[in-house]
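Sequential numbering of the sequence shown, starting at 1, is according to UniProt numbering.
A quick write-up on the structure given underneath.
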Amino acid sequence: MNQVILNSINEASKVIGKTWPLYTFVASNPLSGYENASFQEATSSAQKHFNANAFPTAKLYRQAWKKGTIDKNVLTSILKENGLSESPELYLKLLESQKSIEKLNGNHGLDRIMAKWLSAFMDEGLAEWEIPYKSEGFYTAWRFLAIYDSEIGATALKEIPKTSSEALEQLLKDYSESDYIQIFTHHLAALPGWTGYINHRTQSDSDWQKDFPIDLMDYLAARLWTAHKLNVPILQENKEDAGNDFIPKLQHLWLQAWEQSWQNQLVKTLENGAISTPSKNGAALPDAQMVFCIDTRSELIRRHVESKGNYETFGYAGFFGIAMDYQSLKDGITRKACPPILSSAYTVSETAQADKKEHFTAYKKKNERSKFGDYFLKRMKNMLPSAFGYVEGSGFYYGLSLMARTLTPGLIYRKNQRNASQMEATCQPDINKALQEESDTLGIPLDEKVGIVKSAFDLMGWKQFAPLVLFVGHGSHSANNPFGSSLDCGACAASPGRHNARMLAKLANLPEVRNALAKTHGVMIPESTLFIGAEHNTTTDDIVLFDSEAPDSHRQLIKNLKTNLSRAQQTATQDRLGTKGNSVSSAQQKANNWGETRPEWGLAKNAGFIVGPRHLTKNSNLDSRCFLHSYDWKLDTTGSALEGIMQGPMVVTQWINNHYYFSTVDNNIYGGGSKITHNITGKFGVVQGNGGDLKMGLPLQSLFGSDDAMYHQPLRLSVMIQAPIARVSEILVRNTHLKTLLDNEWIYLMVMDPKQNNEIYRYKKSIQWVAMSKSNTPTNAKKINALELATTEITI
1 MNQVILNSIN
11 EASKVIGKTW
21 PLYTFVASNP
31 LSGYENASFQ
41 EATSSAQKHF
51 NANAFPTAKL
61 YRQAWKKGTI
71 DKNVLTSILK
81 ENGLSESPEL
91 YLKLLESQKS
101 IEKLNGNHGL
111 DRIMAKWLSA
121 FMDEGLAEWE
131 IPYKSEGFYT
141 AWRFLAIYDS
151 EIGATALKEI
161 PKTSSEALEQ
171 LLKDYSESDY
181 IQIFTHHLAA
191 LPGWTGYINH
201 RTQSDSDWQK
211 DFPIDLMDYL
221 AARLWTAHKL
231 NVPILQENKE
241 DAGNDFIPKL
251 QHLWLQAWEQ
261 SWQNQLVKTL
271 ENGAISTPSK
281 NGAALPDAQM
291 VFCIDTRSEL
301 IRRHVESKGN
311 YETFGYAGFF
321 GIAMDYQSLK
331 DGITRKACPP
341 ILSSAYTVSE
351 TAQADKKEHF
361 TAYKKKNERS
371 KFGDYFLKRM
381 KNMLPSAFGY
391 VEGSGFYYGL
401 SLMARTLTPG
411 LIYRKNQRNA
421 SQMEATCQPD
431 INKALQEESD
441 TLGIPLDEKV
451 GIVKSAFDLM
461 GWKQFAPLVL
471 FVGHGSHSAN
481 NPFGSSLDCG
491 ACAASPGRHN
501 ARMLAKLANL
511 PEVRNALAKT
521 HGVMIPESTL
531 FIGAEHNTTT
541 DDIVLFDSEA
551 PDSHRQLIKN
561 LKTNLSRAQQ
571 TATQDRLGTK
581 GNSVSSAQQK
591 ANNWGETRPE
601 WGLAKNAGFI
611 VGPRHLTKNS
621 NLDSRCFLHS
631 YDWKLDTTGS
641 ALEGIMQGPM
651 VVTQWINNHY
661 YFSTVDNNIY
671 GGGSKITHNI
681 TGKFGVVQGN
691 GGDLKMGLPL
701 QSLFGSDDAM
711 YHQPLRLSVM
721 IQAPIARVSE
731 ILVRNTHLKT
741 LLDNEWIYLM
751 VMDPKQNNEI
761 YRYKKSIQWV
771 AMSKSNTPTN
781 AKKINALELA
791 TTEITI
């Protein structure tokens, strides 16, 4: 095998990201392969390869300018710093005058043929008939079948090399090795959605990839051979863009002004929060404490929950520190339930509660009957002999179903939710090693159980325990929505967080875990404290408690809490939906309306990530724009908790932020296009209309209020950490990847230093910091070399 070809494919593959399947639609940066380059360099390269917008259009800048979200003073200052002295209005009109020239795709025919082959081979169970030779791998299957493809032309099997490596060596023999990367980059970038999904498949351990392998070499061999057969040039002419570099620069300056304007507002909010630091005596022990995911949608529900009683809330990544897969009792499928950057160490499944084994058995039998019914109906619809008769005979009943779903979606939603709660009422989660045989169910060692619980407490800076402590995962509910998983918990790999929450609550309730925490770590959990798993439905703002095993001693406390959570749901939905009527009913209807294009907004508008104690933000309405992670720098004496937050949640939120950013600035290329013309392919993705590239980002309706009116503001992530600046600098010295993300402006970082009267510093390149004045402008502010600070001793 030619090593130069392999190395060239590997290098060229950096141009594409990963396209995640619909059932685990994880947010990711489509330009992740460029993160070692500056944001401006990366977007310039991507613009060339994908012919895609890299910055917001003039139309979006105009909308932000009219709404006042771009501060005129900030913009004017940035323009002058870059030698531009005319008025902002003049430069905006200049941007508006630029006509986008749509470049014709000279390889449209080739792209269409390859998309056809990929959709047929990569199908994951939607098609009733599989293509022949599928188990032999993509290239072999394509080779045996390409001779019957009339679009390629008359071909004999002996004309096509037997392996992909042989094909590439033969096709590239007349080209210089220095051209290989350019050739592969062009052909991978032609269908970035499909090649991104190949990228995902090859880096996953899914059964589909194991049984039906495909990789980028196979794809490139088939594509380049097809191009050769169709007389399409394999090496494209590298035409330099004669356009003016001034326009991208101007676009970037407007983006920076927009981002800095938002940062300034955030700084003012947090400065006010720092002033309202609670007294050293502290408040009385809360009636309940609730740990929510750092997800931006948690910001709204936390405000409303706290206003309804003596409650304390925390923010923590929604997989709750358990690197696990979850095996569903409903369909038997095992799915990842932790961040994609983590390897799953455990598998969590369901077992019967001690006193409900009969109910558990009855539930399993009912579920088996339901699965068989679904399978039978699908076969009747799809098999040719029965399809016509089935449609004719069942049309009346389907008509009644459609009428009910259209006229009474809220009523059906409430009924379905009651049925769905049956499983948690009879089951309990059980944790095992990921690769452990089912017959060898031994659980996991005590020290690992203790480590999971202790890690959660450390990252949140826990000081005291209320009688009730809720771990609140989150999930979404929507009907007829291919992108439904994108609304679930990103920290759980686009799965609901309820299973992780239930598992952590069970571990924290174990007497042996509590004893070990007390003896080994000095963490004293009162006997009166009960941990409960829960789930926040982000579409309806309902919070469901999985309390079927709660002792009688806590029943009244739980009853009171449920009453107040119901009140919080009412005001939260009114706040979110902008209505004073029966907002809960409206939210439930949106959740189950099969024609609803925007059941909820997901993480749209995300712009900030705040790491610090709750009092910094508790009295502020952040409009669901910030991820909130609890952190107390005084309790983190070694800085290890903060380092874990920066290595994990900060990186993941950057992926989410860039997923929304790029889906907004060019929805056709980086996004999902309009839901109106979506067609599901292979159960794993959607295409626009009847074919073409696989959509790799969010649909238009998840980002825009209409085809033109922006809802999500495409801004890069701004991170604010309350911690000593020397501690943050030390972490960056040790983690070059984090430093690279900051130096290349994929993330903005600000630090509120509690050891310097909560002065706020803005990160500059090479671990330099600029102290911001109270007016929130870095002009004439003092610069700090934190590399020197990082060598000093940190005292608390």
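All residues carry an ideal CB built from backbone N, CA and C; glycine is no exception.
Asked, Found
"Within a Cβ cutoff of 6 Å, which residues of the same chain sit near residue 245, ignoring the five residues on either side of it in sequence?", "none"
"According to the neighbour-count rule (16 or more other Cβ atoms, all chains shown, within 10 Å of its Cβ), is residue 406 buried or exposed?", "exposed"
"List the endpoints of the continuous beta strand (DSSP E) containing residue 630.", "626 to 630"
"Ends of the beta strand (DSSP E) at residue 763?", "759 to 764"
"Identify, in the order they occur along the chain, each residue of the same chain with its Cβ nearer than 7 Å to the Cβ of residue 40, setting aside the five sequence neighbours on each side.", "252"
"So with Cβ pairs under 8 Å, would you call residue 690 a contact of chain D?", "The structure shown contains no chain D; it holds only a single protein chain."
"Can you list, in chain order, the residues of its chain with a C-beta nearer than 7 Å to that of residue 804? Leave out the 5 residues immediately preceding and following it.", "Since the first and last residues shown for the chain are 1 and 796, residue 804 lies out of range."
"Round the Cβ separation of residue 698 and residue 660 to the nearest angstrom and send it over; I've been treating them as touching at under 8 Å.", "7 Å"
"Here's the rule I'm using: 16 or more other beta-carbon atoms within 10 Å means buried, otherwise exposed. How should residue 203 be labelled?", "exposed"
"Where do the N-terminal and C-terminal ends of the beta strand (DSSP E) with residue 153 fall, by residue?", "Here residue 153 belongs to no beta strand (DSSP E), and DSSP marks it neither H nor E."
"Applying the 10 Å Cβ sphere with the 16-neighbour rule, what's the burial state of residue 535?", "buried"
"Among 96, 258, 266, whose alpha-carbon lies nearest the alpha-carbon of residue 616?", "266"
"According to DSSP, is residue 536 part of a helix, a strand, or is it coil?", "strand"
"Can you say whether residue 355 is buried or exposed, counting buried as having 16 or more other CB atoms within 10 angstroms of its CB?", "exposed"
"Taking residue 679 as part of the beta strand (DSSP E), name the residues at either end of that continuous run.", "678 to 681"
"Compare the Cα-Cα distances from residue 352 to each of 368, 329, 345 and report the closest residue.", "329"
"Is any heavy atom of the ligand ATP found at a distance shorter than 7 Å from the C-beta of residue 268?", "As far as ligands go, the structure on display features none, and thus does not contain the ligand ATP."
"Hey, would you say residue 138 sits closer than 8 Å to residue 219, going by beta carbons?", "yes"
"Would you mind sorting residue 27 into buried or exposed? The rule is 16 or more other CB atoms within 10 Å of its CB.", "buried"
"Taking 8 Å as the threshold (C-beta atoms), are residue 318 and residue 287 in contact?", "no"
"Would you kindly work out how many angstroms separate the C-alpha atoms of residue 180 and residue 690, rounded to a whole number?", "32 Å"
"Check each candidate in 403, 12, 61, 25 and name the one with the smallest Cα separation from residue 45.", "12"
"Can you list, in chain order, the stretches of the beta strand (DSSP E) that have 3 or more residues and sit fully within the stretch 676 to 715?", "678 to 681, 685 to 688"
"Threshold first: 3 residues or longer. Then list the beta strand (DSSP E) segments lying entirely within the stretch 506 to 582, N to C.", "530 to 537, 542 to 546"
"I need the straight-line Cα distance from residue 428 to residue 285, nearest angstrom please.", "29 Å"
"Grab the span of the beta strand (DSSP E) containing residue 336 for me, first residue to last.", "334 to 336"
"Could you compute how far the alpha carbon of residue 514 sits from the alpha carbon of residue 469?", "14 Å"
"Just verifying my parser: in three-state terms, what is the DSSP assignment at residue 312?", "strand"
"Give every residue of the same chain whose Cβ lies closer than 7 Å to the Cβ of residue 593, excluding the five residues on either side of it in the sequence, and list them in chain order.", "409, 479"
"Which same chain residues end up closer than 8 Å to residue 175 when comparing Cβ atoms and leaving out the 5 residues on each side of it in sequence?", "183, 234, 235"
"With respect to the beta strand (DSSP E) encompassing residue 432, which residues constitute its N-terminal and C-terminal limits?", "427 to 433"
"Among 216, 264, 411, 207, which residue has its Cα nearest to the Cα of residue 335?", "207"
"In angstroms with no decimal places, state the Cα-to-Cα distance between residue 630 and residue 505.", "18 Å"
"Identify every residue that forms a DSSP beta bridge with residue 450.", "DSSP lists no partner for residue 450."
"Would you grab the beta carbon distance between residue 16 and residue 227 for me? Rounded to a whole angstrom, and I think it's under 8 Å.", "About 18 Å separates the two Cβ atoms, so there is no contact after all."
"Residues in its own chain within less than 6 Å of residue 70 by CB, not counting five upstream and five downstream?", "64, 257, 258, 261"
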